[in-house]
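**Student:** Got a structure for you, questions after.
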């Protein structure tokens, strides 16, 4: 997967646009972009979107970013989307391999209830969204055969440590987040799964995105998260062998 594009789980219009973006994977978001009161409606919209996408002869992979294990929303998220057969689940605020194993068990139960093959749905953790998670990065190796890739994030991590910023004025990450990035790369490599670089937030800055993509590919990442369809072409170009 070179490009993985986030799409708000409650927007049919944005999902239709994302399908035409040529992203390798779409991530229907039920977490950050959806308020608590809108989550039930977003689950229904996401489930319908997955079902519609699966009818197409050619399509991107469809992942769903569910809410975290401790959020109180995860069970309902999984109940809603698993029967539609998403290709994978993105797990936010993952604290290590134990969280992956816990999610895998929950998926196995729902796969059985929906007569789906055991292990069909993959897991993609966001591995660096808390300070504590950084001390468990080696635990992903061997955690589950569902693990397809691993990515990292700086925004929640910077909030967790109380940082006023996570980038320098030139756009480069400050040292704590460069460390998190490196640990994610090494953890994915050790687990023999795909390392995916995090988002570039300023979607209008194509030059900055291209520079960050080039650095990520140089260092060993094989793809990058996107927040806007306009970022997909740049990301695909950078990570195409």
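Residue numbers (the numbering used here): 732 to 972. Don't be surprised by glycine CBs; every beta carbon is placed ideally from N, CA and C. Being a predicted model, the structure only gives us computed values, none of them experimental.
With DSSP as the reference, please indicate the residues paired to residue 898 in a beta bridge.
**Tutor:** To locate residue 898, count along the chain shown from 1; it is residue 167. The partner list for residue 898 (beta bridge, DSSP) reads 904.
**Student:** Please classify residue 847: does DSSP put it in a helix, a strand, or coil?
**Tutor:** Position 116 of the chain shown holds residue 847. In the structure shown, residue 847 sits in coil (DSSP, three-state: anything other than H, G, I, E or B).
**Student:** Name the DSSP bridge partner or partners of residue 970?
**Tutor:** Position 239 of the chain shown, counted from the start, is the residue given in the question as residue 970. According to DSSP, which records beta bridges pairwise, residue 970 is partnered with nothing at all.
**Student:** In chain order, what residues of the same chain lie with their CB nearer than 8 Å to the CB of residue 876, ignoring the 5 residues before and after it?
**Tutor:** As a first step, residue 876 is located in the chain shown; it is residue number 145 there, counting from the start. Cβ neighbours of residue 876 beyond the five flanking positions: 850.
**Student:** If distances are taken between C-alpha atoms only, which option among 878, 767 and 744 comes closest to residue 779?
**Tutor:** Indexing the chain shown from 1 puts residue 779 at position 48. Cα-wise, what sits closest to residue 779 is 744.
**Student:** Looking only at DSSP bridge pairs, what is residue 882 linked to?
**Tutor:** Against the chain shown, residue 882 aligns to sequence position 151. Paired residues: 857 and 927.
**Student:** Please go through the segment 770 to 851 and give each complete alpha helix (DSSP H) segment of 4 or more residues, from N-terminal end onward.
**Tutor:** Counting whole runs of 4 or more residues, the segment 770 to 851 contains the alpha helix (DSSP H) stretches 770 to 784, 805 to 812 and 828 to 844.
**Student:** Based on the DSSP secondary-structure assignment, which residues constitute the bridge partners of residue 734?
**Tutor:** For the purposes of this step, residue 734 is identified with residue 3 of the chain shown, where counting begins at 1. Paired residues: 955.
**Student:** My output table needs one value for residue 757: the three-state DSSP class, helix, strand or coil.
**Tutor:** Counting from one through the chain shown, the residue named residue 757 turns up at place 26. Residue state, collapsed to three classes: strand.
**Student:** Using beta-carbon positions only, say whether residue 734 and residue 967 come within less than 8 Å of one another.
**Tutor:** In the chain shown, residue 734 corresponds to position 3, counting from 1. In the chain shown, residue 967 corresponds to position 236, counting from 1. A contact, by the Cβ cut-off of 8 Å.
**Student:** Tell me which residues share the same chain as residue 762 and place their Cβ nearer than 6 Å to its Cβ, disregarding the 5 neighbours each side in the sequence.
**Tutor:** In the chain shown, counting from the first residue as 1, residue 762 sits at position 31. Result list for residue 762: 796, 798 and 823, in chain order.
**Student:** Excluding the five sequence neighbours on either side, which residues of its own chain have a C-beta within less than 8 Å of the C-beta of residue 924, listed in chain order?
**Tutor:** The residue given as residue 924 occupies position 193 in the chain shown. So the list reads 871, 878, 879, 880 and 881, once near-sequence residues are dropped.
**Student:** In whole angstroms, what separates the C-alpha of residue 848 from that of residue 755?
**Tutor:** Numbered from its first residue, the chain shown carries residue 848 at position 117. Numbered from its first residue, the chain shown carries residue 755 at position 24. Their backbone Cα atoms lie some 23 Å apart in a straight line.
**Student:** Tell me the rounded alpha-carbon separation between residue 827 and residue 954.
**Tutor:** Sequence index remark: in the chain shown, residue 827 carries index 96 (1-based). Sequence index remark: in the chain shown, residue 954 carries index 223 (1-based). In a straight line, the C-alpha of residue 827 is about 21 Å away from that of residue 954.
**Student:** Could you tell me which residues DSSP pairs with residue 739 in its beta bridges?
**Tutor:** Taking the chain shown and counting its residues from 1, the one referred to as residue 739 is at position 8. Residue 739 pairs with 760.
**Student:** According to DSSP, simplified to helix, strand and coil, what is residue 891?
**Tutor:** On the chain shown, residue 891 is found 160 positions in, with the first residue counted as 1. In this structure, residue 891 counts as helix in the three-state DSSP scheme.
**Student:** Quick check on the burial criterion: 16 or more other C-beta atoms within 10 angstroms. Buried or exposed for residue 840?
**Tutor:** Start at 1 with the first residue of the chain shown, and residue 840 comes out as number 109. Answer is exposed; the Cβ neighbour count stays below 16.
**Student:** Measure the alpha-carbon distance for residue 936 versus residue 899 and round it to whole angstroms.
**Tutor:** As a first step, residue 936 is located in the chain shown; it is residue number 205 there, counting from the start. As a first step, residue 899 is located in the chain shown; it is residue number 168 there, counting from the start. When rounded, the distance between both Cα atoms is 16 Å.
**Student:** Which residues in the same chain have their Cβ closer than 6 Å to the Cβ of residue 862, if we skip the five residues on either side of it in sequence?
**Tutor:** Here residue 862 refers to the residue found at position 131 when the chain shown is read from its first residue. Closer than 6 Å at Cβ, skipping near neighbours: 891 and 892.
**Student:** Measuring straight from C-alpha to C-alpha, what distance separates residue 838 and residue 773?
**Tutor:** Position 107 of the chain shown, counting from 1, holds the residue named residue 838. Position 42 of the chain shown, counting from 1, holds the residue named residue 773. Roughly 20 Å between the two C-alpha positions.
**Student:** Check whether the Cβ atoms of residue 940 and residue 952 sit closer than 8 Å, and answer yes or no.
**Tutor:** Here residue 940 refers to the residue found at position 209 of the chain shown. Here residue 952 refers to the residue found at position 221 of the chain shown. In this structure, residue 952 does not lie closer than 8 Å to residue 940 by Cβ.
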